[in-house]
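Written out below as structure tokens is the structure these notes cover.
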Amino acid sequence: MRYAKEPVIIGAVHLPYYGRNNPSQSVAEIEEYVMANVKVHYENGIDTVYIQDENLNTGPALPETIALTASLAKMVKMEVPGVKLGLIMQAHDGVAPIAAAAAAGADFVRIKVFAGTMYKAEGIRTGVGETAVQYRTMINSPVKILADVHDREGIPMPGVPVDMAIGWASHIGADGLILTGHDYKETMEYLETAEKMELGKPVLVGGSVSEDNIYDILDHCEGAVVSSSLMLDDPVPGSPLRWDAEKIRRFADKVRHYRKSR
10 MRYAKEPVII GAVHLPYYGR NNPSQSVAEI EEYVMANVKV HYENGIDTVY IQDENLNTGP
70 ALPETIALTA SLAKMVKMEV PGVKLGLIMQ AHDGVAPIAA AAAAGADFVR IKVFAGTMYK
130 AEGIRTGVGE TAVQYRTMIN SPVKILADVH DREGIPMPGV PVDMAIGWAS HIGADGLILT
190 GHDYKETMEY LETAEKMELG KPVLVGGSVS EDNIYDILDH CEGAVVSSSL MLDDPVPGSP
250 LRWDAEKIRR FADKVRHYRK SR
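So in this note's numbering, the last one in the sequence shown is 271, and the numbering has no gaps at all.
Here is the structure:
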């Protein structure tokens, strides 16, 4: 870990579909869901969390997405002031997540297609990094930007080596980079490439993270985003809770042990 004093661990809380993707989903239920799952992370050792909007959308963020994510983030910051909070939107948009985060007092955003071009199920998406950085400057916001180098839900433009893609995202102005391959082996290859570069900013792994591989990951970068491996195996019907307190506690303890051993 060259660019962080301690490992950066981010819990990802994925929102259910809402609005035009699921008109029957009430805002009150989403609020209950978000608070339950942010708190279970925070109270069991993961103090950095982002809210992940997953509404299906082929273009820029819709009005209900901007309004809801800003409202949810503001609620979380008021209820759990110690949490470091981020936002990510499924929509391909460099402005909306920063606008919502700034309005809510959130700390950071994650942007999936920041530089270059990705071929995805929704079509071809080009990087919104310049737009995001310029907008953040224009509104004088302290919101940090974590940028994916390659979105693993797509295929990068042919002919662009990963070191070039890493350099693009770093140069455009991301505060931290997220590297995730289509499998764990590819992720580690990306990390090895990044380690050879003098980036001057943290690198995190963005997926397929578990307590079994977190030590190996932290040996090569500054942190990780963790989600699926910490979820409940059997959620209680009718309960909004989806993440497992014991799994989170065990994972956080393992990260603490890593800090002490290095």
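The beta-carbon is built from N, C-alpha and C at its ideal position, and this holds for glycine as well. Because the structure is a prediction, the values reported are computed rather than measured.
Can you give me the C-alpha to C-alpha distance between residue i and residue j, rounded to a whole angstrom?
i	j	result
residue 118	residue 95	5 Å
residue 209	residue 228	17 Å
residue 55	residue 261	6 Å
residue 157	residue 68	18 Å
residue 203	residue 212	8 Å
residue 112	residue 39	19 Å
residue 255	residue 31	31 Å
residue 64	residue 259	31 Å
residue 62	residue 87	20 Å
residue 71	residue 230	34 Å
residue 250	residue 41	9 Å
residue 239	residue 263	13 Å
residue 60	residue 116	12 Å
residue 146	residue 247	43 Å
residue 268	residue 74	37 Å
residue 93	residue 50	11 Å
residue 48	residue 121	25 Å
residue 82	residue 114	8 Å
residue 242	residue 232	25 Å
residue 21	residue 235	6 Å
residue 19	residue 187	12 Å
residue 196	residue 184	20 Å
residue 214	residue 226	7 Å
residue 139	residue 180	10 Å
residue 135	residue 129	11 Å
Indicate the three-state DSSP secondary structure (helix, strand or coil) for residue i in the structure shown.
i	result
residue 260	helix
residue 218	coil
residue 210	coil
residue 55	coil
residue 24	coil
residue 87	helix
residue 205	coil
residue 93	strand
residue 183	coil
residue 239	helix
residue 188	strand
residue 82	helix
residue 233	strand
residue 49	helix
residue 36	helix
residue 245	coil
residue 17	strand
Quick check on the burial criterion: 16 or more other C-beta atoms within 10 angstroms. Buried or exposed for residue i?
i	result
residue 149	exposed
residue 99	buried
residue 194	exposed
residue 161	buried
residue 132	exposed
residue 101	buried
residue 90	exposed
residue 159	buried
Alpha helix (DSSP H) runs wholly inside the segment 110–177, at least 4 long, in chain order: 138–147
Cβ pair count under 8 Å reaching 3, the segment 125–132 against the segment 163–181: yes
The segment 217–224 contacting the segment 21–34, beta-carbon criterion three pairs below 8 Å: no
Meets three-Cβ-pair contact criterion under 8 Å: the segment 72–89 and the segment 104–115: yes
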